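K.L.:
Attaching a single structure in structure tokens format; questions to follow.
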Amino acid sequence: MTKKYRKFDPAFKLDACELTVDQSQSVNSVCLDMDLSDTAVRRWVGQYKAELLDGPGIGKPLTNEQ
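In case it helps, our numbering puts the sequence shown at residues 10 to 75.
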């Protein structure tokens, strides 16, 4: 039997991220309240923080020669 994956809309993911980042709730409490896995929430929070910082991605930035 195949495992069914749940899909979440961006607004739902944003709510979960804001609870952990802006309202200082722990990832575990958000997971329990919203019936989510901690892996998913931690990944979403990482993406959320990366977008907030709006910095370059992973690795060294390209030089003018490249």
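In this text, a Cβ means the ideal position worked out from N, Cα and C, and glycines have one as well.
Just so you know, these numbers come straight off a predicted model, no measurement behind them.
Take Cys-26 and list the residues in its own chain whose beta-carbon comes closer than 7 Å to its own, dropping the five residues that flank it on each side.
P.N.:
Within the sequence shown, the letter at position 17 stands for residue 26. Here the set comprises Trp-53, Val-54 and Tyr-57.
K.L.:
Below 8 Å on the Cβ atoms is my contact criterion, and I expect Val-36 with Asp-47 to pass it. Report the Cβ-Cβ distance as a whole number of Å.
P.N.:
Residue mapping note: residue 36 aligns to position 27 of the sequence shown, counting from 1. Residue mapping note: residue 47 aligns to position 38 of the sequence shown, counting from 1. That pair is a contact at about 6 Å.
K.L.:
Excluding sequence positions up to five away, which residues of its chain have a Cβ less than 7 Å from the Cβ of Leu-28?
P.N.:
Position 19 of the sequence shown, counting from 1, holds the residue named residue 28. Here the set comprises Gln-34 and Val-39.
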